[in-house]
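Chemist: In terms of the numbering used here, the sequence shown opens at residue 1 and continues consecutively. Beta carbons are placed, not taken as given, at the ideal position from N, Cα and C, and that holds for glycine. Mind having a look at this structure? Questions to follow.
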Amino acid sequence: MNQVPITSGRPVTQAEIARVDVVALRRALERAVEGEVRFDRVSRALYSTDASVYRIEPAGVVIPRTREDIARTVAICHELRCPLTMRGGGTSQAGQAIGPGIQIDTSRFFDHVLEVNVEQRWARVEPGIVLDALNTRLRPDGLRFAPDVSTASRATIGGMIANNSSGARSVFYGKTIDHVLALDAVLSDGSMARFRPLSGAELDEACHGSSLEAACYRAVRRLAGECADEVHRRYPKILRRVGGYNLDAFVDGEQPFDMSKLLVGSEGTLAVVVEATIRLVPLPAAKAVMAIQFADLLEALGATPAILAHKPSAVEVMDRYILDNTKQNLALDRLRRTFIDGDPEALLCVEMYADRTEDLPPRLDALERDLRARGLGYRYHHAVDAPAQARIWSLREAALGLSMATKDDAKALSFVEDTAVAPEKLRDYIARFLAIVDRHRTVAGIYAHASVGCLHVRPVVNLKTEAGVHKFEAIAADVADLVLEFGGALSGEHGDGLVRSPFMRKMFGPALYEAFRDLKRAFDPHGILNPGKIVDAPPLTANLRYGAGYTTPNPATWFDYGEYGGIGGA
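Right, dumping it as structure tokens:
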């Protein structure tokens, strides 16, 4: 096999990728892997995109059946210095799930529940299991995995771990990192490691030896000590920060040393997870929802701190842009009119949990009285029965699609859609954010998690023109500056990927950025694991799926897409 010489610690370059012996790579994988190995053109095209604005075609795809398949694939890629990227459901909005070299797709075969301990409330699972499938398996036991992403019907647990996902109820449950107990992983040289909480004596033992695992432990322990002051100074003091690496999990000496916390949110750049031991939570005994209408979006956001005093499990917002787009869909418009009167500028959906159903109406009444006394909101729809709650949540879950309901090449894009600030700063922050959008002469839909200060704002930009690409860059830079000013996070749940990694040095400062690079070098000396994510990222506008000069195809169709300018604009 032809190996490519690479300077230790830096990511594989495009030139080096081009020199990988693809024929030898394919033959080695076909001999070693029990699952599927695909190098055909169609498979490479299918795996070249995720839910982001980017496109990178891999050399090939491996669909493993066992953890040994994954370990062998990593070892072969290590030997050939071929980059590899893990993929679950492909729901990544920042480009984490695409990359050159080999893609490993765990979602088809590597998706089993290995063990469930109902009494102690934990489970062992393979990373390819889809969240909804896992929770369906757990429901008869009255349990669930707490993080509840809106893509639950297709997002995998492995992807949620890689991304440190959370969802609408993170104000109540926290993030994925709060529910991971241990991780089995393949390191970049193909060796296996199990990461779990370690005592001081166990940590000392783990640091000894010449293995890659021991080197990783030594590096993390050293960097946690060296960077503690910078971590306290530079990491946002908010619940929703998933950017960078989780060095903050190691600067408090009173906590057990748990390397699984570092892998969570690392986007497959440090190791490949092959099994997760996860904490489970009981299903809520009773719940209710209040839909509150507002005449002003900023008023709705300003109401959030008062609502949080009532201990909700979720506070979700939708703005007028999102709500108006429901009128384009007959079913959604009908759903909308079951609990919304007229045309509010914003809607807050507040959910509460309780041990008994009868405890919920008094809590909703108390919340309504409080808001009325403060002059916040003007209509308060109480939903205590399950069908009424389902109608409200169905509309909220349609928000992403509704935000993208434009009829030309300019689309509501994911690139500054995941910032987070402290809830008490949210009103002022969004006012400034919208001023940026207005200054760049575009519009944006706003929705998502007011409870934790993480709103999804998707400016409408045409990435098929040079002017649109420049606007994309300018808005991203302006928003990054704004986030820093407000002490927030550039990513509250969607991760860094290709779209936010270029801003890591700005967000965390040069000292922590170099610490991140040291971590990457320790775990992945040859830079083969999901290169270009978190550190050493390509430029923001590299690898765009479309880009300036792209011509939208408009083939002949049976149905009439005239209002969209043809099917290409739909």
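Would you call the CB atoms of F516 and I534 closer than 8 angstroms?
Modeler: As a working mapping, residue 516 is identified with position 516 in the sequence shown. As a working mapping, residue 534 is identified with position 534 in the sequence shown. The answer is yes: Cβ separation under 8 angstroms.
Chemist: When DSSP labels each residue in this structure, what does E30 get in the three-state scheme?
Modeler: Working through the sequence shown from its first residue, we reach residue 30 at position 30. Helix, per DSSP.
Chemist: Looking only at its chain, what residues have a beta carbon closer than 7 angstroms to the beta carbon of N260, apart from the 5 residues adjacent to it on each side?
Modeler: If you number the sequence shown from 1, residue 260 lands on position 260. Looking at the sequence provided, one finds Ser at residue 260 rather than Asn. Same-chain partners within the cutoff: V180, A182, L183, F195 and R196.
Chemist: Where do the N-terminal and C-terminal ends of the beta strand (DSSP E) with H449 fall, by residue?
Modeler: Walking along the sequence shown from the start, residue 449 turns up at place 449. That run of the beta strand (DSSP E) goes A444 to H449.
Chemist: Restricting to Cα atoms, I'd like to know which of L283, L376 and E34 is closest to D141.
Modeler: Numbered from 1 along the sequence shown, position 141 holds the residue referred to as residue 141. The residue with the shortest Cα to Cα distance from D141 is L283.
Chemist: Would you mind listing the beta strand (DSSP E) stretches within the stretch 377-451 that are 3+ residues and don't spill past its ends, in chain order?
Modeler: The stretch 377-451 contains these whole beta strand (DSSP E) runs: 379-383 and 444-449.
Chemist: With distances taken from CA atoms, which of R108, V130 and R41 is nearest I161?
Modeler: Within the sequence shown, the letter at position 161 stands for residue 161. That would be V130, whose Cα lies nearest to the Cα of I161.
Chemist: Given this structure, state the Cα-to-Cα distance separating T7 from S211, to the nearest angstrom.
Modeler: Your numbering for residue 7 matches position 7 in the sequence shown. Your numbering for residue 211 matches position 211 in the sequence shown. In this prediction, T7 scores a pLDDT of 35, lower than 50, which makes its location untrustworthy; the coordinate-derived value is nonetheless stated afterwards. T7 and S211: Cα-Cα distance of roughly 20 angstroms.
Chemist: Leaving out five residues before and five after D560 in sequence, what residues of the same chain have Cβ atoms less than 8 angstroms from its Cβ?
Modeler: On the sequence shown, residue 560 is found 560 positions in, with the first residue counted as 1. Excluding residues within five positions, none has a Cβ falling inside 8 angstroms.
Chemist: Straight-line CA distance for R505 to L512?
Modeler: Here residue 505 corresponds to residue number 505 of the sequence shown, with the count starting at 1. Here residue 512 corresponds to residue number 512 of the sequence shown, with the count starting at 1. For R505 and L512, the distance between alpha carbons rounds to 8 angstroms.
Chemist: Could you pull out every residue in the same chain whose Cβ sits closer than 8 angstroms to the Cβ of N437, ignoring the five residues on either side in sequence?
Modeler: Walking along the sequence shown from the start, residue 437 turns up at place 437. Note that residue 437 is Val in the sequence shown, not Asn. Once the five neighbours on either side are set aside, the close Cβ partners of V437 are V443, A444, V457, P459 and I475.
Chemist: Can you tell me whether I238 is helix, strand or coil according to DSSP?
Modeler: As a working mapping, residue 238 is identified with position 238 in the sequence shown. Coil, per DSSP.
Chemist: Looking at the secondary structure, which residues open and close the beta strand (DSSP E) in which P459 lies?
Modeler: Position 459 of the sequence shown, counted from the start, is the residue given in the question as residue 459. It spans C454 to V461 - the beta strand (DSSP E) in which P459 sits, taken as one unbroken run.
Chemist: So, with DSSP's three-state summary, where would you put N117?
Modeler: As a working mapping, residue 117 is identified with position 117 in the sequence shown. In this structure, N117 counts as strand in the three-state DSSP scheme.
Chemist: Quick check: the stretch 166-180 against the stretch 59-70, are at least 3 beta-carbon pairs closer than 8 angstroms?
Modeler: These segments do not touch.
Chemist: Taking only runs that begin and end inside the stretch 129-187, name each unbroken beta strand (DSSP E) of 3 or more residues, in chain order.
Modeler: As far as the stretch 129-187 is concerned, its whole beta strand (DSSP E) runs of at least 3 residues are 180-186.
Chemist: Given this structure, state the Cα-to-Cα distance separating R124 from D296, to the nearest angstrom.
Modeler: As a working note, residue 124 is residue 124 in the sequence shown. As a working note, residue 296 is residue 296 in the sequence shown. Straight-line Cα distance between these residues: approximately 46 angstroms.
Chemist: Rounded to a whole number of angstroms, what is the C-alpha to C-alpha distance between D111 and A155?
Modeler: On the sequence shown, position 111 is the one that residue 111 refers to. On the sequence shown, position 155 is the one that residue 155 refers to. Computed Cα separation, rounded: 12 angstroms.
Chemist: Looking only at its own chain, which residues have a Cβ that is under 8 angstroms from the Cβ of N163, when we skip the five neighbours before and after it?
Modeler: The residue given as residue 163 occupies position 163 in the sequence shown. Hits under 8 angstroms: S92, Q96, T176, V242, G265, E267, E493, H494 and G495.
Chemist: Just list the residues that DSSP pairs P282 with in beta bridges.
Modeler: Here residue 282 refers to the residue found at position 282 when the sequence shown is read from its first residue. Answer by DSSP bridge pairing, in chain order: L143.
Chemist: Pairs of beta-carbons, one from the stretch 466-475 and one from the stretch 71-78, closer than 8 angstroms: are there three or more?
Modeler: Not touching, per the Cβ criterion.
Chemist: Whole alpha helix (DSSP H) runs in the stretch 245-332 with 4 or more residues, listed along the chain?
Modeler: Correct list: 260-263, 297-308 and 320-325.
Chemist: DSSP on P197, reduced to helix/strand/coil?
Modeler: The residue given as residue 197 occupies position 197 in the sequence shown. In this structure, P197 counts as strand in the three-state DSSP scheme.
Chemist: Keeping to the same chain, check which residues put their C-beta closer than 8 angstroms to that of D341; ignore five residues upstream and five downstream.
Modeler: Residue 341 sits at position 341 when you count from the first residue of the sequence shown. Answer for D341: Q293 and R379, listed in chain order.
Chemist: Contact between the stretch 345-358 and the stretch 296-314 is defined here as three or more beta-carbon pairs at a separation below 8 angstroms; is this criterion met?
Modeler: Yes, since at least three Cβ pairs between the stretch 345-358 and the stretch 296-314 fall closer than 8 angstroms, the two stretches touch.
Chemist: Applying the 10 Å Cβ sphere with the 16-neighbour rule, what's the burial state of T552?
Modeler: Stepping through the sequence shown from its first residue, residue 552 is reached at position 552. Looking at its Cβ environment, which holds fewer than 16 other Cβ atoms inside 10 Å, T552 is exposed.
Chemist: So if DSSP puts Q96 in a beta bridge, which residue, or which two residues, is it bridged to?
Modeler: Position 96 of the sequence shown, counted from the start, is the residue given in the question as residue 96. In the DSSP output, where bridge partners are listed per residue, Q96 has none listed.
Chemist: Hey, would you say A291 sits closer than 8 angstroms to A383, going by beta carbons?
Modeler: Here residue 291 corresponds to residue number 291 of the sequence shown, with the count starting at 1. Here residue 383 corresponds to residue number 383 of the sequence shown, with the count starting at 1. Yes.
Chemist: Can you give, in chain order, each stretch of the beta strand (DSSP E) that sits fully within the stretch 33-104 and has at least 3 residues?
Modeler: Runs of the beta strand (DSSP E) inside the stretch 33-104: 36-38, 60-63 and 84-87.
Chemist: From G377 to L187, what does the alpha carbon distance come to, in whole angstroms?
Modeler: Numbered from its first residue, the sequence shown carries residue 377 at position 377. Numbered from its first residue, the sequence shown carries residue 187 at position 187. Those two C-alpha atoms are separated by around 53 angstroms.
Chemist: Taking all protein chains shown into account, decide if N554 is buried (16 or more other Cβ within 10 angstroms of its Cβ) or exposed.
Modeler: Residue mapping note: residue 554 aligns to position 554 of the sequence shown, counting from 1. That one is exposed.
Chemist: Beta-carbon within less than 6 angstroms of G562's beta-carbon, same chain only, minus the 5 sequence neighbours each way: which residues are those?
Modeler: As a first step, residue 562 must be located in the sequence shown, where it is residue number 562. Taken in chain order, the list of residues that qualify is empty.
Chemist: Taking C-beta to C-beta, are P510 and P539 nearer than 8 angstroms?
Modeler: Residue mapping note: residue 510 aligns to position 510 of the sequence shown, counting from 1. Residue mapping note: residue 539 aligns to position 539 of the sequence shown, counting from 1. No. Outside cutoff.
Chemist: What three-state label does DSSP hand S8 in the structure shown?
Modeler: Looking up residue 8 in the sequence shown gives position 8. Residue confidence for S8 is low, a pLDDT of 42 falling below 50, so the modelled location carries little weight and cannot support an answer.
Chemist: On the CB-based measure, 16 or more other CB atoms within 10 Å of its CB, does R500 come out buried or exposed?
Modeler: On the sequence shown, residue 500 is found 500 positions in, with the first residue counted as 1. That one is buried.
Chemist: If you follow the beta strand (DSSP E) that A123 is in, where does it begin and where does it stop?
Modeler: Here residue 123 is taken as the residue at index 123 of the sequence shown, counted from 1. Looking at the DSSP string, the run of the beta strand (DSSP E) that includes A123 is W122 to V125.
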